[in-house]
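S.K.: Under the working numbering, the first residue of the sequence shown is numbered 13, with each subsequent residue one higher. I am attaching a structure below and will ask some questions about it afterwards.
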Amino acid sequence: MRKIIQWRWPILIGMIVLTVALFMLAPNLTEQAEEAGSFQLPADADSQRAADILAQAGAGEETISLVYTLDKTLNDSARQSIADSVTSLQKIGEPITGVLNPFESEEMESQLVSEDEKTVLVPVTVEGTQEEINMLADDIRANVLPDNLTAYVTGEAIINNDVNTSSQEGLKRTELITVGLIFVLLLAVFRSIVTPLIPLAAVGFTYLLSQSLVAFFIDWFGFPVSNYTQIFLVAVLFGIGTDYCILLLSRYKEELQAGHSVEDSIVNTYKTAGRTLLISGIAVFIGFSAIGFADFPIFKSAVGVAVGIAILLIVLFTIVPFFMVTLKEKLFWPSKKSASHNDSKLWAWFSKLSVNRPLLSMLVVALITVPLLFTYDGELSFNTVDEIGNEYESVKGLDAISEGFGKGDSLPVTVIMSGEEDLVTEETVPYVEAISQEILKVDGVEAVRTITRPTGEAIDELYVDTQLGLLTDGLVEARNGLLDVQDGLAEIQNGLSQVEGQLPAGSEASSGAEGLQQAADGISQINEQLGLISGGMQQSGSTAQAAAQIGAVQQQLTQVGQGINTAAEELEGTTGQISELGGGLAQLASGVGEANNGLGEIAGGLTSAAQTTRAMSQSESVRDTGMYIPDGTIENEEFADVLDRYTINDQKGIKLEVVLTEDPYSTEAIDIVEQVKNTVQTAVIDTPFEQSEFAYSGISSVNSDLKTISSNDFSRTVIIMLVSLFVALTLLFRSVMMPLYMIGSLLLTYYTSVAVAELIFVNGLGYDGVSWAVPFFGFVMLVALGIDYSIFLLDRFREEAVDGVSIQRAMTVSMAKMGTVIITAAIILAGTFGAMMPSGVLSLVQIATIVLTGLLLYGLIVLPLLIPAVTVSFNQGVWWPFKRK
């Protein structure tokens, strides 16, 4: 320390130059956080895999929506205004890749105009960066939305951008409030104008250096970053930086008043309080470094605070001594005395209870905390919209969609099936419907939209029962056609008989009469055969046999027709009345030809029906699904739009849009998504899609992944953090017992604090739960920072517990000496987190509530009552398994 004092000016100048240089050269940390996005899921998460599949397939478009809310039902004027806006959107070009016109068809209008005709939706598919999409949204608001209608632009990208914007605005408010609050609190504590400037200068150096280094680490090493990074850097560094400065300045003032020189006072301060500070800093550093073991990038982004802690320790051991030696006693000007180092009367009173009556003290702590623990249900919320409130336009648009079309229709879950080969064939498509049917059985699923049900309703014509009904109708028509042919042939037979009766006797007409008689007999036989075919069709329904029989009849009928034609030619070659009869025979022959053509059409229809039924009987999909897709259906132009919408990657992927009955952001939606995943996994067994890759996109799927990942990360990180702290504290305090109850007291404080937060936000304000990230960050912040105060107390206890001094006496003195410092530090740190309250970001407000409640509970109740009581209860065993120095 004496060397640092000696080289204080070069050190200060070097720090200033380094800080300015890094600040000027470092990337913009705010922009890095915005680019990273709100959700950074691991690559193996379902929703991230879905995003990757869509991106690789060139189908990574997002959808934003123009939502029109009308005061009256849709009229011609509103219809025209909306149509004009659709035209304007179609002219914009990139990043817009498609616009759905709600008035393009009756089917489209039924989907995009609400039942009460007061809400109209215009979905717009876009492909680009988040920045480009939000720039487009601004352009739409300024130049596309009509002035005479109320309209909003919304979508996931826009909502996430609003969350980012709200967070950055909240950060700015937090920074200003934090600096002002710290200055006021330090002014009150030290009653000095100069003293508060020292912590602010030290923390200012630390924050600027930390922010610059973290920004460089993000660029160089892929360091995790999120909106939480800067906010926590501000809160933690200003909070504990001020706390550590109070510890140092209080001890420095104490050393000065003991009559030591300035240099000796500084050296003594860093030998005692400096050691405590170093232990605390190491503990906090370990706590935040443990976050690096998390898998979730958003959680890991708080590891940047560990960088800040390391820099803070360097600054406190270099910059603060500079001010001490330079300002000397003037550091506390104009105050002659400062209460900061005086014995704490409050903690002296606490010591009478906790040191002298430890069991009673423990009971008091239990009565305060345990009832609150029993109220804790661990309810979490994944509603991003709650983060920013409903004053944002994106949220208003989302609410309008929910009111007009249903909650789940605003942001459906998309199931993506992906393979290496074409998944869309006549044989495989029926299984898509079978999977859809299974998904529809899940409680909470309102509709499924896909290839076989583009509007959410199944296409009945694709089902075998409907097709068999149509075939039956065709057979009835065929039978009726046969009856018509029979009637026509009967008329021809009568006509032949009449012609034959009119032929005069004689050699000239004898051969023609004989031919006509044969033709009439042939038609009679054919009619009998047609009757048998018709009866057979009615009894057996054998279309193939009937078609073959009709083919044979056609041959006979052709011969009959040829005979009639021959007779007609012979008679037309004569003269007089017989020649006229020949013309009539020609007409009858023509009728036979028409009958023959009719039989051909009937036979063709029966052959087609036979082929269809044969294909059905041979199709596995019919047996498995009850659905049959005739050959050529997929290639039909009418199917093209459906394929464009619900297939990707040249039909190597299929999409199913699942509409939920619940709010997509709700915890109920997460449970439904989990059931859908399990259902799909079961439904694809023994289908052509069994080996396909499945992924799930949509906000409900994202939240499902968040729930699983955050829960796993919380458990793993907590264990790593607590074990690391235990090992470090065991080595630093040379005791196993002290770290155990230090950590135990913080766990008690944390769960009590989070129970209070749940009572406020869930039971009181009606939220679904505390935000999903809050328990993790609340735990890390409270434990990593709260451990400082027990270190402050117990390290002073270690210092006082020299040989010959009883455990009770050492703890009583330690509490009196450290009480004011700990209370002041806890209030200041709680105040810095309290400065997050006006941020307007719900998760930050909830984290602040947990940390603020926990620090005050720990500093005013748990630490002065529980820690001393447990310590004196162990007596000499508190050093186990090591020996007391």
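We put the beta carbon where it would ideally sit given N, CA and C, even for glycine.
Roughly how many angstroms lie between the CA atoms of residue 176 and residue 782, to the nearest whole one?
M.R.: Mapped onto the sequence shown, residue 176 falls at position 164. Mapped onto the sequence shown, residue 782 falls at position 770. The straight-line gap separating the alpha-carbon atoms of residue 176 and residue 782 is approximately 19 Å.
S.K.: At the level of alpha carbons, what is the spacing between residue 225 and residue 38?
M.R.: As a working note, residue 225 is residue 213 in the sequence shown. As a working note, residue 38 is residue 26 in the sequence shown. For residue 225 and residue 38, the distance between alpha carbons rounds to 7 Å.
S.K.: Please classify residue 321 as buried or exposed, where buried requires at least 16 neighbouring CB atoms within 10 angstroms.
M.R.: As a first step, residue 321 must be located in the sequence shown, where it is residue number 309. Burial is judged here by how many other beta carbons sit within 10 angstroms of a residue's own beta carbon; residue 321 has at least 16 and is buried.
S.K.: Tell whether a beta-carbon distance below 8 Å holds between residue 806 and residue 750.
M.R.: Taking the sequence shown and counting its residues from 1, the one referred to as residue 806 is at position 794. Taking the sequence shown and counting its residues from 1, the one referred to as residue 750 is at position 738. Closer than 8 Å, so yes.
S.K.: From residue 820 to residue 891, what distance separates their C-alpha atoms?
M.R.: For the purposes of this step, residue 820 is taken as residue 808 along the sequence shown, with counting starting at 1. For the purposes of this step, residue 891 is taken as residue 879 along the sequence shown, with counting starting at 1. If I take the Cα positions, the gap works out to 14 Å.
S.K.: Around the C-beta of residue 713, are 16 or more other C-beta atoms found within 10 angstroms, so that it is buried, or is it exposed?
M.R.: Here residue 713 is taken as the residue at index 701 of the sequence shown, counted from 1. It counts as buried.
S.K.: Among residues of its own chain, excluding the 5 on either side of residue 738, which ones have a beta-carbon nearer than 8 Å to its beta-carbon?
M.R.: Walking along the sequence shown from the start, residue 738 turns up at place 726. These residues qualify, in order along the chain: 751, 752 and 755.
S.K.: Using only the alpha-carbon positions, how far apart do residue 813 and residue 367 sit?
M.R.: Locating residue 813 in the sequence shown gives position 801, where the first residue counts as 1. Locating residue 367 in the sequence shown gives position 355, where the first residue counts as 1. A straight-line Cα-Cα distance of about 14 Å links residue 813 and residue 367.
S.K.: Can you name, in chain order, every residue of its own chain whose Cβ lies under 6 Å from the Cβ of residue 661, other than the five neighbours on each side?
M.R.: On the sequence shown, residue 661 is found 649 positions in, with the first residue counted as 1. Here the set comprises 69.
S.K.: Verify whether the separation of the beta carbon atoms of residue 711 and residue 676 is less than 8 Å.
M.R.: Here residue 711 refers to the residue found at position 699 when the sequence shown is read from its first residue. Here residue 676 refers to the residue found at position 664 when the sequence shown is read from its first residue. For residue 711 and residue 676, yes; Cβs fall inside 8 Å.
S.K.: Could you spell out where the beta strand (DSSP E) holding residue 749 opens and where it closes?
M.R.: For the purposes of this step, residue 749 is taken as residue 737 along the sequence shown, with counting starting at 1. Per DSSP, residue 749 belongs to no beta strand (DSSP E); it is in the alpha helix (DSSP H), 749-770.
S.K.: Excluding the 5 residues flanking residue 426 on each side, which residues of the same chain have their C-beta closer than 6 Å to its C-beta?
M.R.: Here the question's residue 426 lines up with position 414 in the sequence shown. These residues qualify, in order along the chain: 667, 669, 709 and 710.
S.K.: Which whole-angstrom value describes the C-beta separation of residue 155 and residue 169, a residue pair presumed to lie in contact below a C-beta threshold of 8 Å?
M.R.: Mapped onto the sequence shown, residue 155 falls at position 143. Mapped onto the sequence shown, residue 169 falls at position 157. Incorrect: roughly 19 Å between the Cβ atoms, too far for contact.
S.K.: Just to confirm before moving on: does the CB-CB distance between residue 256 and residue 314 stay below 8 Å?
M.R.: Here residue 256 refers to the residue found at position 244 of the sequence shown. Here residue 314 refers to the residue found at position 302 of the sequence shown. No. Outside cutoff.
S.K.: Please give me, in chain order, every unbroken run of the alpha helix (DSSP H) with length at least 4 that falls completely inside the stretch 267-337.
M.R.: 274-301, 309-312 and 316-328
S.K.: List the residues that DSSP assigns as beta-bridge partners of residue 80.
M.R.: As a working note, residue 80 is residue 68 in the sequence shown. Residue 80 pairs with 132 and 163.
S.K.: Just verifying my parser: in three-state terms, what is the DSSP assignment at residue 234?
M.R.: As a first step, residue 234 is located in the sequence shown; it is residue number 222 there, counting from the start. In the structure shown, residue 234 sits in coil (DSSP, three-state: anything other than H, G, I, E or B).
S.K.: Given this structure, state the Cα-to-Cα distance separating residue 844 from residue 360, to the nearest angstrom.
M.R.: As a first step, residue 844 must be located in the sequence shown, where it is residue number 832. As a first step, residue 360 must be located in the sequence shown, where it is residue number 348. Roughly 27 Å separates the two Cα atoms.
S.K.: Helix, strand or coil for residue 706? Go by DSSP, reduced to three states.
M.R.: By one-based count along the sequence shown, residue 706 stands at place 694. Here residue 706 sits in strand by DSSP.
S.K.: Closer than 8 Å by C-beta to residue 312: which residues in its own chain qualify, once you throw out the five before and the five after it? Chain order, please.
M.R.: Looking up residue 312 in the sequence shown gives position 300. The residues are 236, 303, 304 and 306.
S.K.: Tell whether a beta-carbon distance below 8 Å holds between residue 430 and residue 65.
M.R.: Sequence index remark: in the sequence shown, residue 430 carries index 418 (1-based). Sequence index remark: in the sequence shown, residue 65 carries index 53 (1-based). Yes; because the gap between Cβ atoms is below 8 Å, this pair is in contact.
S.K.: Measure the beta-carbon distance from residue 456 to residue 674 and round it to whole angstroms, keeping in mind my assumption that it falls under 8 Å.
M.R.: Here residue 456 is taken as the residue at index 444 of the sequence shown, counted from 1. Here residue 674 is taken as the residue at index 662 of the sequence shown, counted from 1. Their Cβ separation, rounded to whole angstroms, is 6 Å, which keeps residue 456 and residue 674 in contact under 8 Å.
S.K.: Please classify residue 733: does DSSP put it in a helix, a strand, or coil?
M.R.: The sequence position of residue 733 within the sequence shown is 721, counting from 1. For residue 733, the three-state secondary structure derived from DSSP is helix.
S.K.: How far does the beta strand (DSSP E) with residue 430 in it reach, from first residue to last?
M.R.: In the sequence shown, the residue the question calls residue 430 occupies position 418. Residue 430 -> beta strand (DSSP E) spans 425-430.
S.K.: Is residue 458 helix, strand or coil by DSSP?
M.R.: Translated into positions along the sequence shown, residue 458 becomes position 446. Residue 458 carries a strand assignment under DSSP once its states are collapsed to helix, strand and coil.
S.K.: Can you check whether the CB of residue 684 is closer than 8 Å to the CB of residue 884?
M.R.: For the purposes of this step, residue 884 is taken as the residue at position 872 of the sequence shown. For the purposes of this step, residue 684 is taken as the residue at position 672 of the sequence shown. Going by beta carbons, residue 884 and residue 684 fall outside the 8 Å limit.
S.K.: Shortest alpha-carbon distance to residue 250 belongs to which of 868, 895, 789 and 847?
M.R.: Residue 250 sits at position 238 when you count from the first residue of the sequence shown. The residue from 868, 895, 789 and 847 with its alpha-carbon nearest to that of residue 250 is 847.
S.K.: Is the separation between the beta-carbon of residue 800 and that of residue 319 shorter than 8 Å?
M.R.: The count along the sequence shown starts at 1 and reaches residue 800 at position 788. The count along the sequence shown starts at 1 and reaches residue 319 at position 307. No.
S.K.: Classify residue 465 as helix, strand or coil using the three-state DSSP reduction.
M.R.: Here residue 465 is taken as the residue at index 453 of the sequence shown, counted from 1. Three-state DSSP puts residue 465 in a strand.
S.K.: Between the Cα of residue 411 and the Cα atoms of 329, 81 and 816, which residue gives the shortest distance?
M.R.: What you label residue 411 is simply residue 399 of the sequence shown in a count that begins at 1. The candidate whose alpha carbon is nearest that of residue 411 is 81.
S.K.: Return helix, strand or coil for residue 667, following the three-state DSSP convention.
M.R.: The sequence position of residue 667 within the sequence shown is 655, counting from 1. Strand, per DSSP.
S.K.: Hey, how far is the Cα of residue 460 from the Cα of residue 418?
M.R.: As a first step, residue 460 must be located in the sequence shown, where it is residue number 448. As a first step, residue 418 must be located in the sequence shown, where it is residue number 406. Residue 460 and residue 418: Cα-Cα distance of roughly 14 Å.
S.K.: When the distance is taken between beta carbons, is residue 762 closer than 8 Å to residue 398?
M.R.: As a first step, residue 398 is located in the sequence shown; it is residue number 386 there, counting from the start. As a first step, residue 762 is located in the sequence shown; it is residue number 750 there, counting from the start. Residue 762 is positioned such that its CB atom lies no closer than 8 Å to that of residue 398.
S.K.: Counting only the same chain and skipping the five closest in sequence on each side, list residues whose C-beta sits under 7 Å from that of residue 264.
M.R.: Here the question's residue 264 lines up with position 252 in the sequence shown. Correct list, in chain order: 277, 278, 281 and 336.
S.K.: Grouping DSSP H, G and I as helix and E and B as strand, with all else coil, what is residue 392?
M.R.: Walking along the sequence shown from the start, residue 392 turns up at place 380. Here residue 392 carries a strand assignment [DSSP, helix/strand/coil].
S.K.: Spatial neighbours of residue 407 within its chain, please: CB distance less than 6 Å, with the 5 preceding and 5 following residues excluded, ordered by chain position.
M.R.: Position 395 of the sequence shown, counted from the first residue, corresponds to residue 407. Contacts found: 397.
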